[in-house]
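Taking it in order: structure first as structure tokens, then the write-up.
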Amino acid sequence: MAFIGIVAEKQKYDFIRKNLLKDMNKNDITLININKNSINNLQRVKFDAIVILNSLDKVIVETQAINNICNNVKYFIINSDLEVINNPFSNITTNVITFGLNQKATVTFSSITDENMLISVQREFKTIQNKKVEQGEYSYKINKIDRTNIYEILIEFIIKKLFFF
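If you count by the numbering used here, then the sequence shown holds residues 41 to 205, one letter each, in order.
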């Protein structure tokens, strides 16, 4: 079972949770929303992955606590479009995967239409089963109304590739 912590506003977390759980067995994945109310209780939890979707100052006050959690994860997935002033993650030595519209992101978009997105993997990464997710473009079907949630869709894609290759 994959244990994944997501640092995001509640609405964005709910979108990711709803879409991931409809596509896979609920026993295969546990998602936890990490926010300022839950951060102190989660410091001893061993996550497989931590996803940073939003700016930390929006959802977490205690940056040292999130840094402690991130030091023990297998995957650290971060939005490369965030403006980070004081980077609390400079000491992280785990597998880092970046996502966003930034041209240097590990995972980004090639094109977006009403019902399909081309997601570009610009640097390969390894799954939990140690298989490679190769560079290239991957077609990803979406609902027309969901296409505004581009960051959340990138997170879904990455999580599915990492844990359910």
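Positions of the beta carbon are idealized from the N, C-alpha and C atoms, including for glycine.
Rank the options by C-alpha distance to the C-alpha of residue i and give the top, closest one.
i, options, result
"Thr22", "Gly45, Gln175, Lys76", "Given that the chain is displayed from residue 41 to residue 205, the structure contains no residue 22 and the question cannot be resolved."
"Glu177", "Lys58, Asn75, Leu194, Leu158", "Leu158"
"Ile109", "Arg84, Arg163, Val173", "Arg84"
"Met41", "Lys62, Phe165, Thr70, Lys50", "Thr70"
"Ile74", "Ser95, Ile46, Lys58", "Ile46"
"Ser160", "Phe204, Lys171, Lys144, Gln169", "Lys144"
Is it the case that the Cβ atoms of residue i and residue j are separated by a distance below 8 Å?
i, j, result
"Tyr191", "Leu93", "yes"
"Phe87", "Ile132", "no"
"Thr153", "Leu202", "no"
"Asn80", "Ala105", "yes"
"Glu196", "Ile56", "yes"
"Leu60", "Ile199", "yes"
"Leu122", "Ser150", "no"
"Ala54", "Phe204", "Position check: residue 54 holds Asp in this sequence, whereas Ala was assumed. Not a contact, by the Cβ cut-off of 8 Å."
"Ile182", "Ile193", "yes"
From the DSSP output, which residues share a beta bridge with residue i?
i, result
"Ser151", "Leu158"
"Thr138", "Ile118"
"Lys166", "Lys172"
"Thr133", "The partner list for Thr133 (beta bridge, DSSP) is empty, contrary to what the question assumes."
"Tyr53", "Per DSSP, none; premise fails for Tyr53."
"Thr70", "Phe43"
"Tyr180", "Met157"
"Val85", "Its beta-bridge partners do not exist; DSSP assigns none."
Using a Cβ-based criterion (distance less than 7 Å to any ligand heavy atom), does residue i qualify as near the ligand FAD?
i, result
"Leu194", "Absent from the structure shown: the ligand FAD. Ligands present: none."
* To do: Check whether the region 114-121 touches the region 136-144, counting contact only when three or more Cβ pairs, one atom from each stretch, lie closer than 8 Å.
  => yes
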